[in-house]
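Before any comments, here is the structure.
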Amino acid sequence: MITFDLFTTIDALGTFAFAVSGATAAIRSRYDIFGILVLAFVTAIGGGTTRDLLIGNTPVNWLTDTLTIWSIVAGFLFGLLLHRKIGKWEGWFFFFDAVGLGVFTVTGVQIGLQAGMGIGISVALGAVTGCFGGVIRDVLAATKPLIFRKEIYASASVIGGLLYIMIVEFGESIIVAQITAIAAVLFIRFIAVHYKLELPKIN
Amino acid sequence: MITFDLFTTIDALGTFAFAVSGATAAIRSRYDIFGILVLAFVTAIGGGTTRDLLIGNTPVNWLTDTLTIWSIVAGFLFGLLLHRKIGKWEGWFFFFDAVGLGVFTVTGVQIGLQAGMGIGISVALGAVTGCFGGVIRDVLAATKPLIFRKEIYASASVIGGLLYIMIVEFGESIIVAQITAIAAVLFIRFIAVHYKLELPKIN
Amino acid sequence: MITFDLFTTIDALGTFAFAVSGATAAIRSRYDIFGILVLAFVTAIGGGTTRDLLIGNTPVNWLTDTLTIWSIVAGFLFGLLLHRKIGKWEGWFFFFDAVGLGVFTVTGVQIGLQAGMGIGISVALGAVTGCFGGVIRDVLAATKPLIFRKEIYASASVIGGLLYIMIVEFGESIIVAQITAIAAVLFIRFIAVHYKLELPKIN
Numbered sequence: 001m002i003t004f005d006l007f008t009t010i011d012a013l014g015t016f017a018f019a020v021s022g023a024t025a026a027i028r029s030r031y032d033i034f035g036i037l038v039l040a041f042v043t044a045i046g047g048g049t050t051r052d053l054l055i056g057n058t059p060v061n062w063l064t065d066t067l068t069i070w071s072i073v074a075g076f077l078f079g080l081l082l083h084r085k086i087g088k089w090e091g092w093f094f095f096f097d098a099v100g101l102g103v104f105t106v107t108g109v110q111i112g113l114q115a116g117m118g119i120g121i122s123v124a125l126g127a128v129t130g131c132f133g134g135v136i137r138d139v140l141a142a143t144k145p146l147i148f149r150k151e152i153y154a155s156a157s158v159i160g161g162l163l164y165i166m167i168v169e170f171g172e173s174i175i176v177a178q179i180t181a182i183a184a185v186l187f188i189r190f191i192a193v194h195y196k197l198e199l200p201k202i203n
Numbered sequence: 001m002i003t004f005d006l007f008t009t010i011d012a013l014g015t016f017a018f019a020v021s022g023a024t025a026a027i028r029s030r031y032d033i034f035g036i037l038v039l040a041f042v043t044a045i046g047g048g049t050t051r052d053l054l055i056g057n058t059p060v061n062w063l064t065d066t067l068t069i070w071s072i073v074a075g076f077l078f079g080l081l082l083h084r085k086i087g088k089w090e091g092w093f094f095f096f097d098a099v100g101l102g103v104f105t106v107t108g109v110q111i112g113l114q115a116g117m118g119i120g121i122s123v124a125l126g127a128v129t130g131c132f133g134g135v136i137r138d139v140l141a142a143t144k145p146l147i148f149r150k151e152i153y154a155s156a157s158v159i160g161g162l163l164y165i166m167i168v169e170f171g172e173s174i175i176v177a178q179i180t181a182i183a184a185v186l187f188i189r190f191i192a193v194h195y196k197l198e199l200p201k202i203n
Numbered sequence: 001m002i003t004f005d006l007f008t009t010i011d012a013l014g015t016f017a018f019a020v021s022g023a024t025a026a027i028r029s030r031y032d033i034f035g036i037l038v039l040a041f042v043t044a045i046g047g048g049t050t051r052d053l054l055i056g057n058t059p060v061n062w063l064t065d066t067l068t069i070w071s072i073v074a075g076f077l078f079g080l081l082l083h084r085k086i087g088k089w090e091g092w093f094f095f096f097d098a099v100g101l102g103v104f105t106v107t108g109v110q111i112g113l114q115a116g117m118g119i120g121i122s123v124a125l126g127a128v129t130g131c132f133g134g135v136i137r138d139v140l141a142a143t144k145p146l147i148f149r150k151e152i153y154a155s156a157s158v159i160g161g162l163l164y165i166m167i168v169e170f171g172e173s174i175i176v177a178q179i180t181a182i183a184a185v186l187f188i189r190f191i192a193v194h195y196k197l198e199l200p201k202i203n
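And the structure:
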C-alpha cells in the first residue's frame, strides 16, 4: 500500500502548509495564541468541511482523523516559531501550499464522483476543497479574500480537477491521475506566480 | 403542468437576478473573473444552501440541479458584459431581485412546512432562503451586510411567508398562495424603495 | 427532575445573554431593527448550530426548541430597550455571558461524547459551541472577531471542558461535573477580566 501511504503523506503536508498560512494570517492580524491556533485549524479544514457539509458527509472527516489534527498542530507551531523567518522560507511555503491545493483538489473531485455527482459539480467540489479554507481564513482575519484577486489560483484547481477526470476516463489508474493532476496544479501555480499572471478584472 | 413550469421559470429568473447582484458586488470590489463567478454563485445559492444545511436536506439541491447552474452562469455573463449599463437597467434589476426574493421566500416556507416545522420557523426559513445569499455576498465582498441597514427587505419576506401560510390554511390552492405571496413581496418592496421606507434604527 | 430544570434554566439564561450581546453589536454597527434581531439570533444559536452541522445533528435543535426562540426574543428586546443603560448593567452582562459560555461548553462536550468523539474533539466541540456564535456575530458586524484578540475566553472554555470530562471519568455524577465546569469557566473569566490577563501575542 505504498501508493496510499504516499498520498496520505502528501495530504498531511498539504494540511500542514495550509495551517501555516492560517497561522501567519492571524499573526499579521495581531490575534492572540488562541486566535492563531483557530485560524491555522480553520484554514486547513475549511475547504474539506464545506464540501462535506454540502454533500451531507457528516460527521465531517477531521472529527475522527488524528493525522489531520497533528498536521495542523505542527503547522501552527511551525508558523508560530518561525514567522520572523518566513521571508526566507517563502519558496517552501509556496511549494507546500501548491501541493496542498493539488492534493485537496484531487480529494474533492474523488469524493464528488463517489457521491454520484456529475463532472462539473465534482470539479467544483474539488475547487471548493482546495480554496475555501483560504476564503474562510481571510473572512476571519477581516480582509478581502485574496483568492478573488490574486494570481491564478482557483483556475489551477479547476484545470487539475478536469485533468484528473479525463485521465481516469481514459482508463489510466487512479494513482497516475492523482500524480498528474497534482503536478499540473503545481506547474500552473509556478508559472502564474513566476510570471505574475492574473485573471482579467473588469473596469 | 403549466403552473409548475411557471414557477420553475420564475425560480430561474430569481436565481439569475441574484447571480447578477453577486457579480456586480464582486466587480465593485475589484475581484477578478473567478471572484466574480464565485460571488454570483454564492449569492444565488447561499440562501437555499443555508436552509438545506439547517434542516439536514443534503446533498443540497443545486448539486444536482442543472437549471440552477445555467441560470447562475447566465447571470454571471449578464453582470460581466452589461455592468457599465447597470444604471439604465436598475428598474429591471429591482424587479428581478424582488421576484427572486418572493419566489425564494415561498420555496423556503414550503420546504420548512414539508420538513414538519412550525409556522414561525417555516416563515424564518423562508426569510433565510430569500435573504441569506445577499448576506454571504456582502461578507465575501468585505462590506457590512446591506440587508441589515437598507429599506425594508427581510420584513417583506416575512410578510410574504405569513401570507402564503394563511392562504393555504384557508383552503386555497398552492398556486394561488404562491402567486399572492410573491405579488405581496413585490408590492412591499416597490412601496419601500419608492417611498424610501426604512425600519427604525436605535440611537 | 429539579437538576434538569436547573440546567434548562441556566441554558436559557446563557442564550438570553448571548442574544443581548448580539443585539448590542448590531446597534453599534447602526443596523436596523431587523438586523438587530438577526444578530441577536445568530449570536445565540451560532455556536450550537456550527457544532450540530459538523457532527451531522440535523435538523439543528433550535428549529424545534421553543424555549430557545423565546430566550432570544427576550434578549433582543432587552438589548433594544436598555442599550443606553448598558454601562450600568455591565457586571450583569459579564456574568450572563460567562454563564452562557460555561453552559454551552458543557452542552457541547456532552454532545461530542454522545456522538462517540474522542476527548480532544469533544473539548473542541465544547469550545466551538461556546465561542462560535460570537465569531459569527463579529463577522456579520464587519469587525475583527474579538475572541481572537481579547482576554482569555476560549481558553476558559477549553479548561472547563477538560474539567468536565475529568470529573465524569472519576465517577462523579453528571450534575457535579456540570456545575464544577461552569463554576470554573466563571472563575477563569472573572480572574482574566479583573486582572486584564491576555494570551501572548507574537511580534
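Protein chains in written order, with this note's numbering: chain V, 1 to 203; chain S, 1 to 203; chain Z, 1 to 203.
Yeah, the Cβ is synthetic: ideal placement off N, Cα and C, and Gly gets one too.
Bear in mind the structure is a predicted one, so any value in this text is a computation, not a measurement.
Is the CB of residue i under 9 Å away from at least one CB in chain V?
i: D32 (chain Z); result: no
i: I119 (chain Z); result: no
i: G56 (chain S); result: yes
i: V38 (chain S); result: yes
i: V60 (chain S); result: yes
i: E198 (chain Z); result: yes
i: T15 (chain S); result: no
i: G22 (chain Z); result: no
i: T8 (chain S); result: no
i: L113 (chain S); result: no
Assuming residue i and residue j form a contact by the criterion Cβ under 8 Å, report the distance between their Cβ atoms to the nearest whole angstrom.
i: G100 (chain S); j: F18 (chain S); result: 5 Å
i: I165 (chain S); j: V106 (chain S); result: At roughly 10 Å, the Cβ-Cβ gap does not stay under 8 Å, so I165 (chain S) and V106 (chain S) are not in contact.
i: F34 (chain Z); j: G75 (chain Z); result: Their Cβ separation, rounded to whole angstroms, is 16 Å, which puts F34 (chain Z) and G75 (chain Z) out of contact at 8 Å.
i: R51 (chain Z); j: I111 (chain Z); result: 7 Å
i: S173 (chain S); j: G130 (chain S); result: 22 Å between Cβ atoms; not a contact.
i: F94 (chain S); j: V193 (chain S); result: 7 Å
i: A141 (chain V); j: S29 (chain V); result: 5 Å
Return no unless some Cβ of chain Z is closer than 9 Å to the Cβ of residue i.
i: L163 (chain V); result: no
i: K144 (chain S); result: yes
i: A12 (chain V); result: no
i: V135 (chain S); result: yes
i: S29 (chain V); result: yes
i: A98 (chain S); result: no
i: A25 (chain S); result: no
Nearest chain S C-beta to residue i closer than 9 Å, yes or no?
i: T129 (chain Z); result: no
i: T107 (chain V); result: no
i: E169 (chain V); result: no
i: L101 (chain V); result: no
i: I69 (chain Z); result: yes
i: L53 (chain Z); result: yes
i: A184 (chain V); result: no
i: L195 (chain V); result: With the sequence shown as reference, residue 195 (chain V) is identified as Tyr, and Leu is not the correct amino acid for it. For Y195 (chain V), the answer is no, since every Cβ of chain S falls outside 9 Å of its Cβ.
Could you give the residue range of the alpha helix (DSSP H) that holds residue i?
i: Y164 (chain Z); result: A154 to E169
i: V42 (chain Z); result: I33 to I55
i: D65 (chain V); result: Neither: D65 (chain V) is in no alpha helix (DSSP H) and is coded neither H nor E.
i: H194 (chain S); result: I174 to H194
Report buried or exposed for residue i, applying the criterion of at least 16 other Cβ atoms within 10 angstroms of its Cβ.
i: F7 (chain V); result: buried
i: L67 (chain V); result: exposed
i: P145 (chain V); result: buried
i: V176 (chain V); result: exposed
i: Y195 (chain Z); result: exposed
i: I188 (chain S); result: buried
i: L204 (chain V); result: Nothing about residue 204 (chain V) can be reported from this structure: the residues present for chain V run from 1 to 203 only.
i: L81 (chain Z); result: exposed
Alpha carbons only, please: which of the options is nearest the one belonging to residue i?
i: A181 (chain Z); options: Z:F104, Z:I72, Z:L80 and Z:A74; result: Z:F104
i: G46 (chain Z); options: Z:G160, Z:D138, Z:A184 and Z:V185; result: Z:D138
i: A115 (chain V); options: S:P59, S:Y164, S:A183 and S:H83; result: S:P59
i: F132 (chain S); options: S:S29, S:T24 and S:A44; result: S:A44
i: V135 (chain S); options: S:G48, S:M117 and S:Q178; result: S:G48
i: F41 (chain S); options: S:I159, S:A25, S:G118 and S:D52; result: S:A25
i: G108 (chain V); options: V:S71, V:L77, V:L54 and V:I69; result: V:L54
i: I69 (chain S); options: S:G14, S:G120 and S:L197; result: S:G14
i: V185 (chain S); options: S:L82, S:N57, S:R28 and S:G160; result: S:G160
i: D32 (chain S); options: V:I152, V:F96 and V:D32; result: V:I152
i: H83 (chain S); options: S:L37, S:A23, S:L113 and S:N57; result: S:A23
i: L37 (chain V); options: V:S29, V:I72, V:A192 and V:R30; result: V:I72
i: F190 (chain S); options: S:A98, S:P200 and S:K85; result: S:A98
i: D11 (chain V); options: V:Q178, V:A154 and V:P200; result: V:Q178
Taking Cβ-Cβ distances shorter than 9 Å, what residues in chain B pair up with residue i?
i: V139 (chain Z); result: The structure shown has no chain B; the protein chains it does contain are V, S and Z.
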